[in-house]
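In mature numbering (1 follows the signal peptide of the UniProt record, and there is no 0), the protein residues as written are -25 to -1, 1 to 383.
From the three backbone atoms N, C-alpha and C, an ideal C-beta is built for every residue, glycine too.
Working notes, beginning with the structure itself.
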């Protein structure tokens, strides 16, 4: 009930914030947000929208002198629904800029419409490789790291510090496959041993059969790619089946909001994440503001979702300032390519790769605290530069840049 209330209050908050100052139609910049309000990723969707709102509040509610209005459309974590609703945003509301996603399959569906209708789309929390490789399109950018960066960071840390015999647990869709792919890539190249793999569909809540297989193996590391409410259920059962007593548990991607409601003994593990609330003074200050603005949020700190929403919104503001327009999509795309997003809560700007449209910053490795309470549930143990592990040009020869298109 608390989570449902937080999501409902957030939607109301965004609507009111966007409409708080009366403005004529010409003075309003409408930005569409296609994001899950319900379902497995409902909390994650609420967080990314909160990050967008916090960025907009820092900007004074305006970009380039125009009042900004967010229009939220529930993707329902369904690609067909997302595609239909982004078309409605374009046709009925006249939006030229859309953000959101969470599920990679939803991001791909929105990107297809963005290409068809020539709008700008920033996928804020989809991590699948395809978004910036085989499914990359000139109208889409991604603010979240690729699973290549996350999976290889997690794999590198695990192999060097935790063990060389691994068992994989994989969410059985494109994002889950990406995480396992890149962790496995590390294991193979470093000469480790794969003991086994078990896949499970989205919506799984009972992991007893899978965890019995894992427990009966001789693995030293359990490498997991799982998210959403499925992940909350899995983490509880990892503790129940005492998997941590037999092997080290590592995640290719973890969300603070998934761990936060758990019991201390369920925090155990090693996690790749996109940001940690306590990594610097800026993230700590952001977390304080966030908890004040959204006291009923799924997590009271900066997390992957609100961080990527925040950076995406700041990138849009910087692109509009650079391009001198909020409606010429071609100029906005050109402005984003190669940009260094300065308002990113970190000491170094986020670089946007012009070739793939991938935002590049950091991957943070954290260790769960089995005795921690409140926000003291993990600690930073290693930080990697995302460029160190992102797909190389040889692995991903795609080039969707404006410069490349001019050569054709």
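Residue 225 - DSSP class collapsed to helix/strand/coil: strand
Would residue 123 and residue 157 qualify as a contact pair, given that the criterion is a beta-carbon distance under 8 Å? yes
Taking DSSP's pairing of strands, which residues face residue 47 in a bridge? 8
Using a 10 Å radius around the Cβ and a threshold of 16 neighbouring Cβ atoms, would you call residue 5 buried or exposed? buried
Straight-line Cα distance separating residue 195 from residue 88: 44 Å
By a C-beta neighbour count over all protein chains shown, 10 Å radius and 16 as the cutoff for buried, is residue 356 buried or exposed? exposed
For residue 157, three-class secondary structure by DSSP: helix
Could you say if the region 189 to 203 and the region 163 to 172 meet the contact criterion of at least three C-beta pairs nearer than 8 Å? yes
In or out: residue 275 buried (at least 16 other Cβ within 10 Å) or exposed? buried
Am I right that residue 337 and residue 360 are in contact with their C-beta atoms under 8 Å? What's the rounded C-beta distance? 6 Å
Quick one: Cα of residue -5 to Cα of residue 145, how far? Confidence at residue -5 is low in this model, with a pLDDT of 44, below 50, so the placement of that residue should be treated as unreliable; the coordinate-derived value is given next. Looking at the two C-alpha atoms, the distance is approximately 47 Å.
Please specify which runs of the alpha helix (DSSP H), each continuous and at least 4 residues long, are wholly inside the region 227 to 266, giving them in chain order. 231 to 234
Can you tell me whether residue 367 is buried or exposed, with buried defined as 16 or more other CB within 10 angstroms of its CB? exposed
Span separating the alpha-carbon of residue 344 from that of residue 93: 46 Å
Report the CB separation of residue 61 from residue 26 in whole angstroms; it is logged as a contact under 8 Å. Wrong, their Cβ atoms sit about 20 Å apart, outside the cutoff.
Buried versus exposed, by CB contacts within 10 Å (16 or more), residue 55: exposed
Are the beta-carbon atoms of residue 189 and residue 132 separated by less than 8 Å? no
For residue 97, list the residues DSSP reports as bridge partners. 74, 116
May I have the straight-line CA-CA distance separating residue 277 from residue 349, to the nearest angstrom? 14 Å
Inter-residue spacing [alpha-carbon to alpha-carbon] between residue 37 and residue 221: 54 Å
Using a Cβ-Cβ cutoff of less than 6 Å, which residues in the same chain neighbour residue 83 once the five nearest sequence positions on both sides are dropped? 110
The alpha helix (DSSP H) with residue 19 in it runs from where to where? 17 to 33
Whole-angstrom distance between residue 115 and residue 231, CA atom to CA atom: 27 Å
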